[in-house]
Amino acid sequence: MLRLFEPTEISGMTIKNRFVRSATWVGMAAGNGACTPKLVDTIVMLAKGGVGLIISGHAYVQKQGQAGPWQLGIYEDRLVPGLRGMTDAVHEHGGKIIAQLAHSGLFADPALTGHAPLAPSAIAGVTRHTVREMTLQTIRNLVQAFGLAAERAQEAGFDGVQLHSAHGYLLSQFLSPFFNRRADRYGGSLENRVRIHIEILEAIRSRVGGLYPVLIKINTRDFVGGGLEVEDSIRAGQLLQQRGVDAIELSGGTVLSGKLSPIRSQIRNEGDEAYFRDYAVAFKNRVNLPIMLVGGVRSFDVAGQIVNNGIADYISMSRPFIREPDLVKRWESGDRTKAACISCNNCLVEARTGKGVYCVTKGGR
Ligand SMILES: Cc1cc2nc3c(=O)[nH]c(=O)nc-3n(C[C@H](O)[C@H](O)[C@H](O)COP(=O)(O)O)c2cc1C
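Heads up: the sequence shown begins at 3 in my numbering, then just goes up one per residue.
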């Protein structure tokens, strides 16, 4: 079991244990995406609570990529000093933090962005908004925007970046044959659907250098008819490995996936936990990169088995840390009872009211 608490390294970044706080939008940024003292306090609680690596909430790299209210932004240089406050505070408490870089594509909210959502293909019926298919120029602009955002992250003191290519957001839309119906070099074959990722990686590397951790979160499966399936996801992982990605976080599902969403409810027993575990096994056999497994891990024993059996290298969690930011410390101190989170998902519902994400079941706000 002790392997969970052993330090590891990813491309020069030392992580003190194998626990990762998966990217979590907490609805505490300012209206323009700037970091706030409340957001810093929330993130610092995780560092104090022993989380080895914190991944920020998805931060939009272009204004038109904003998905939700009070979401963190990284689309302009003037946001850097605020972000520096967050990274300094985490480092003071011995933590590591990386920025999740994102664009929500089809699921951007025009009420917030003032633009029609951009997507690989203008498929109808998924959102109630009119969607615009990305031109080659808007793709070029997006690639540059990710590169610039990574440079800002580095300047702001983040220990690395993670590309958000999961859950049906823009990069995940490119990978998915359901969302991506393009007939040009960005659509069709897997090599074409992963092309934008490779171009973004190149843009990022040209700005941050070769030794800066660049991670990616991807879907193992979309759980949508005609969507991304695991074989293509693994092949994408192999191509990304060849192009210099440093670690992969495995997730799955989209907002269209019903019960098989990325954020599944009703995790009642150990059998329900780690719901992408089988896909991680398949990945581990064929992709030679550190693997972070997210989705429903609640028990110390399950976490230990995953790491000890070589299924994944890191245990990534979101909701358990909303309820117990000090969960890792608790487990490390010897209290190994499972996470108190009951996966009711009320944290998500309440956050839309502007109070920020908190555990509604536990109460307190
Ligand atoms: C309130 C909330 C906000 C989330 N925000 C993000 C996000 O910004 N980026 C992301 O990749 N996933 C996000 N997720 C998904 C989580 O990172 C994670 O993949 C999912 O909750 C499953 O893990 P869990 O069972 O440990 O909660 C969010 C989940 C929750 C509950």
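A virtual CB, placed ideally from N, CA and C, is assigned to each residue, including glycine. Here the structure is a predicted model, which is why all the values come from computation and not from measurement.
What number of angstroms, rounded off, separates the C-alpha of Leu-48 from the C-alpha of Glu-94? Within the sequence shown, numbered from 1, the residue matching residue 48 stands at position 46. Within the sequence shown, numbered from 1, the residue matching residue 94 stands at position 92. Straight-line Cα distance between these residues: approximately 12 Å.
Using the C-alpha atoms, what's the distance from Asp-248 back to Met-338? As a working note, residue 338 is residue 336 in the sequence shown. As a working note, residue 248 is residue 246 in the sequence shown. In the sequence on display, residue 338 carries Arg and not Met. Approximately 31 Å, taken between the alpha carbons.
Could you give the first and the last residue of the continuous alpha helix (DSSP H) run that contains Ile-206? Counted from its first residue, the sequence shown places residue 206 at position 204. Element bounds for Ile-206: 197 to 210.
Once the 5 residues before and after Thr-129 are set aside, which same chain residues still bring their CB inside 8 Å of it? For the purposes of this step, residue 129 is taken as residue 127 along the sequence shown, with counting starting at 1. Within the same chain, Thr-129 has close Cβ partners Leu-108, Phe-109, Pro-119.
Closest residue to Pro-83 among Pro-215, Pro-39, Ala-104, Gly-246 (Cα-Cα distance): Taking the sequence shown and counting its residues from 1, the one referred to as residue 83 is at position 81. Answer by Cα proximity: Pro-39.
For ligand 1, any of its heavy atoms closer than 7 Å to the Cβ of His-166? Residue numbering aside, residue 166 sits at position 164 when the sequence shown is read from its first letter. It does: the Cβ of His-166 is within 7 Å (strictly closer) of some heavy atom of ligand 1.
Check each candidate in Thr-26, Ser-106, Ile-344, Ile-56 and name the one with the smallest Cα separation from Lys-65. Counting from one through the sequence shown, the residue named residue 65 turns up at place 63. Of the listed residues, the one whose Cα sits closest to Lys-65 is Ser-106.
Any heavy atom of ligand 1 closer than 7 Å to the beta-carbon of Arg-321? Residue numbering aside, residue 321 sits at position 319 when the sequence shown is read from its first letter. The answer is yes for Arg-321.
Using a threshold of 7 Å, is the CB atom of Gly-211 nearer than that to any non-hydrogen atom of ligand 1? Position 209 of the sequence shown, counted from the first residue, corresponds to residue 211. Checking the Cβ of Gly-211 against ligand 1 gives no.
Can you tell me which of the three DSSP states His-380 falls into? This structure gives no information on residue 380, because the portion of the chain shown stretches from 3 to 367.
Could you check if Lys-219 is buried or exposed, using at least 16 other CB atoms within 10 Å of its CB as the buried criterion? The sequence position of residue 219 within the sequence shown is 217, counting from 1. Counting Cβ neighbours within 10 Å, Lys-219 comes out buried, since at least 16 surround it.
In the DSSP assignment, find the beta strand (DSSP E) that holds Ser-58 and state where it starts and stops. For the purposes of this step, residue 58 is identified with residue 56 of the sequence shown, where counting begins at 1. Start and end: 55 to 62.
Selection from Phe-278, Trp-27, Arg-325, Gly-159 that minimises the alpha carbon distance to Met-294: Position 292 of the sequence shown holds residue 294. Taking only the C-alpha atoms, the option nearest Met-294 is Phe-278.
Should Asn-311 go down as buried or exposed, given a rule of 16 or more other Cβ atoms within 10 Å for buried? On the sequence shown, position 309 is the one that residue 311 refers to. Classification for Asn-311: exposed.
Going by Cα to Cα distance, which pick from Asp-224, Thr-140, Gln-139 is closest to Gln-411? This structure leaves residue 411 out entirely; the chain is present only between 3 and 367.
With respect to the beta strand (DSSP E) encompassing Tyr-316, which residues constitute its N-terminal and C-terminal limits? Mapped onto the sequence shown, residue 316 falls at position 314. First-last of the beta strand (DSSP E) with Tyr-316: 316 to 319.
Under 7 Å: does the beta carbon of Cys-349 sit that close to some heavy atom of ligand 1? In the sequence shown, the residue the question calls residue 349 occupies position 347. Yes - ligand 1 has a heavy atom lying nearer than 7 Å to the Cβ of Cys-349.
From Val-57 to Trp-333, what distance separates their C-alpha atoms? Looking up residue 57 in the sequence shown gives position 55. Looking up residue 333 in the sequence shown gives position 331. One detail in the question is off: residue 57 reads as Ile in this sequence, not Val. Rounded to the nearest angstrom, the two C-alpha atoms are 20 Å apart.
Residues that DSSP places opposite Ile-293 in a beta bridge: Counting from one through the sequence shown, the residue named residue 293 turns up at place 291. DSSP, once it has assigned bridges, lists Ile-250 as partnering Ile-293.
Which same chain residues end up closer than 8 Å to Arg-23 when comparing Cβ atoms and leaving out the 5 residues on each side of it in sequence? Translated into positions along the sequence shown, residue 23 becomes position 21. Counting only Cβ-Cβ distances below 8 Å, and skipping sequence neighbours, we find Leu-48, Val-53, Leu-55, Ile-56, Ile-57, Ser-318, Met-319, Ser-320, Phe-323.
Short of 8 Å in beta carbon distance, which residues of its chain neighbour Val-283, apart from the five on each side in sequence? Order them along the chain. What you label residue 283 is simply residue 281 of the sequence shown in a count that begins at 1. Result list for Val-283: Ile-313, in chain order.
Please go through the same chain and pick out, in chain order, the residues whose beta-carbon is closer than 8 Å to the beta-carbon of Gly-149, but skip the five residues on each side of it. Taking the sequence shown and counting its residues from 1, the one referred to as residue 149 is at position 147. Once the five neighbours on either side are set aside, the close Cβ partners of Gly-149 are Ile-202, Ala-205, Ile-206, Ser-208, Arg-209.
Let's see if you can read the secondary structure: which residues bound the beta strand (DSSP E) around Met-15? The residue given as residue 15 occupies position 13 in the sequence shown. Counting along the chain, the beta strand (DSSP E) containing Met-15 begins and ends at 15 to 17.
May I ask whether a heavy atom of ligand 1 can be found less than 7 Å away from the beta carbon of His-105? Reading the sequence shown from its first residue, position 103 is the one you call residue 105. It does not: the Cβ of His-105 is nowhere closer than 7 Å to a heavy atom of ligand 1.
Considering only the beta carbon of each residue, do Thr-89 and Phe-160 sit closer than 8 Å? Your numbering for residue 89 matches position 87 in the sequence shown. Your numbering for residue 160 matches position 158 in the sequence shown. Result yes, Cβ atoms of Thr-89 and Phe-160 sit closer than 8 Å.
Can you give me the start and stop residues for the alpha helix (DSSP H) that Ala-284 sits inside? In the sequence shown, residue 284 corresponds to position 282, counting from 1. Start and end: 279 to 288.
Where Phe-303 and Val-163 are concerned, what is the direct C-alpha to C-alpha distance, given to the nearest angstrom? Taking the sequence shown and counting its residues from 1, the one referred to as residue 303 is at position 301. Taking the sequence shown and counting its residues from 1, the one referred to as residue 163 is at position 161. First, the residue type needs correcting, since residue 303 is Asp and not Phe in the sequence shown. Taking the straight line joining both Cα atoms gives about 29 Å.
Assuming Arg-23 is part of the beta strand (DSSP E), what are its boundary residues? Counted from its first residue, the sequence shown places residue 23 at position 21. Element bounds for Arg-23: 21 to 23.
Hey, quick one: how far does the beta strand (DSSP E) through Ile-100 stretch, first residue to last? Start at 1 with the first residue of the sequence shown, and residue 100 comes out as number 98. Ile-100 -> beta strand (DSSP E) spans 98 to 104.
May I ask you to list the residues that DSSP assigns as paired with Leu-217? One-based indexing of the sequence shown puts residue 217 at position 215. In the DSSP output, where bridge partners are listed per residue, Leu-217 has Gln-164, Ala-249.
For Leu-173, does the three-state DSSP call read helix, strand or coil? Here the question's residue 173 lines up with position 171 in the sequence shown. Residue state, collapsed to three classes: helix.
Cβ neighbour criterion (16 or more within 10 Å) applied to Ser-345: Indexing the sequence shown from 1 puts residue 345 at position 343. Buried, because 16 or more other Cβ atoms sit within 10 Å of the Cβ of Ser-345.
When you compare only the Cα positions, how much space is there between Gly-116 and Ala-69? Indexing the sequence shown from 1 puts residue 116 at position 114. Indexing the sequence shown from 1 puts residue 69 at position 67. When rounded, the distance between both Cα atoms is 12 Å.
Are the C-beta atoms of Arg-207 and some chain D residue less than 8 Å apart? Included in the structure is just one protein chain, with no chain D present.
Please confirm whether any heavy atom of ligand 1 lies closer than 7 Å to the CB of His-199. What you label residue 199 is simply residue 197 of the sequence shown in a count that begins at 1. For ligand 1, not one heavy atom lies less than 7 Å from the Cβ of His-199.
Candidates Asp-274, Ile-125, Thr-132, Ser-123: which alpha carbon is nearest Ala-113's? Walking along the sequence shown from the start, residue 113 turns up at place 111. Looking at the Cα atoms, Thr-132 is the closest of the given residues.
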